[in-house]
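Participant:
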Amino acid sequence: MLLAESLFDTTTFDHSSVFSDSLPVWSALANLKAYMDQYRYKSELLEPFTNGVPLQEPVIIHDNTLIPVKECEIVYGDSCKGDLVISQDGRRLEGASLIMAGAILIGVKIAIGKGSLIEGGATIKEPAIIGSRTEIRQGAYMRGYCLIGDRCVVGHTTEVKHSIFLDDAKAGHFAYLGDSVLGNNTNLGAGTKCANLRFIPGNVKIVVAGKIEDTGMRKFGAILGDSAQTGCNSVTSPGTIIVKKGIIMPNTTAPSGYHQNRQRIR
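Just so we're aligned, residue 40 is where the sequence shown starts under my numbering, counting upward by one.
1) How far does the alpha helix (DSSP H) with GLU306 in it extend, from its first residue to its last?
2) Can you tell which of LYS284, LEU236, GLY154 and ALA140 has the C-alpha that lies nearest to the C-alpha of CYS191?
3) Could you give the DSSP three-state label for ASP76: helix, strand or coil?
4) Less than 8 Å between the beta carbons of PRO166 and MET75, yes or no?
5) Output needed for ILE175: all residues of its chain with C-beta closer than 6 Å, excluding positions within five of it in sequence on either side, in chain order.
6) My output table needs one value for SER55: the three-state DSSP class, helix, strand or coil.
7) Could you pull out every residue in the same chain whose Cβ sits closer than 6 Å to the Cβ of GLY217, ignoring the five residues on either side in sequence?
8) Report yes if the C-beta of GLY178 is less than 7 Å from at least one heavy atom of the ligand HEM; otherwise report no.
9) Which of the three DSSP states is assigned to LYS244 in this structure?
10) Just to confirm the assignment, what range does the beta strand (DSSP E) spanning SER276 have?
11) Are SER82 and LYS164 close, meaning C-beta to C-beta below 8 Å?
12) Mapping DSSP to helix, strand and coil, what is ASN70?
13) From ASP48 to ALA208, what distance separates their C-alpha atoms?
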């Protein structure tokens, strides 16, 4: 049986309980809706801005309080490195997060961690959990049930739906992730697509240790182990699992199944 511990280090992941100790790793995707529906969102803080109308002005969040942007100085550095600097009266507001004008929030079940940046033009549908020092860049589209860890990137025109990013996972440019899991320190090359739906009816089935496993899911994209990488314009077929530090070369379609060697998939 392919367990989460064989692909990820979840010891520092704030949402490690979404993974099972005894069920196959893809059970996390089956658990995701229940986990996020039961999460305690601080809805009252963002409620005035979650009606689907683009923000007219930037919003600064610090210590569960909204800070008027006119009172602050903002230095736009790399959020993942802690270089987004927001100051008020010459004092740095440690852990302050910024939602830029033009961002669209839909629904009140949206959580944003400390030191994160939501750029203008990004669209976030509930439910969404965004960790600390994470960037949701211009044109990103989060379609609901997106669980994003710390120091992650959901990049320009990247679409994410019903997926999990562990800490330091990055999908920086023109990517699609449906019903997928990115491990710690994974990086998707520009144009990576994680397909999640077979052409023919039925659940996604994959081969693990020579045996065909029925995942029980009609939609199942890819699971990439810690520090795995994809090259530009690569595609994963539904039900693709990549081992830790695995590599998918550019312009490659990875077939479904568990790729358990650290070989380069060409």
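Beta carbons: idealized from backbone N, C-alpha and C, even for Gly.
As the structure is a computational prediction, the values presented were derived from the model and not from experiment.
Facilitator: So, from the data block:
1) Limits of the chain in this structure are 40 at one end and 305 at the other, which puts residue 306 out of reach.
2) Looking up residue 191 in the sequence shown gives position 152. Among LYS284, LEU236, GLY154 and ALA140, the Cα nearest to that of CYS191 is on GLY154.
3) To locate residue 76, count along the sequence shown from 1; it is residue 37. ASP76: helix per DSSP, three-state reduction.
4) The residue you call residue 166 lines up with position 127 of the sequence shown. The residue you call residue 75 lines up with position 36 of the sequence shown. In this structure, PRO166 lies near MET75, with their beta-carbon atoms less than 8 Å apart.
5) As a position in the sequence shown, residue 175 is number 136, starting the count at 1. Excluding its 5 nearest sequence neighbours in each direction, ILE175 has C-beta neighbours in its own chain below 6 Å: ILE157, ALA161 and VAL193, listed in chain order.
6) For this step, residue 55 is matched to residue 16 along the sequence shown. Helix.
7) Start at 1 with the first residue of the sequence shown, and residue 217 comes out as number 178. So the list reads LYS200, ASN235 and GLY260, once near-sequence residues are dropped.
8) Judged by which ligands are present, the structure shown has none, so any question about the ligand HEM falls away.
9) For this step, residue 244 is matched to residue 205 along the sequence shown. Looking at LYS244 - three-state DSSP - the assignment turns out to be strand.
10) Position 237 of the sequence shown holds residue 276. It is not in any beta strand (DSSP E) - SER276 carries neither H nor E in the DSSP assignment.
11) For this step, residue 82 is matched to residue 43 along the sequence shown. For this step, residue 164 is matched to residue 125 along the sequence shown. No Cβ-Cβ contact shorter than 8 Å links SER82 with LYS164.
12) Mapped onto the sequence shown, residue 70 falls at position 31. Helix at ASN70.
13) By 1-based counting over the sequence shown, the position of residue 48 is 9. By 1-based counting over the sequence shown, the position of residue 208 is 169. Straight-line Cα distance between these residues: approximately 13 Å.
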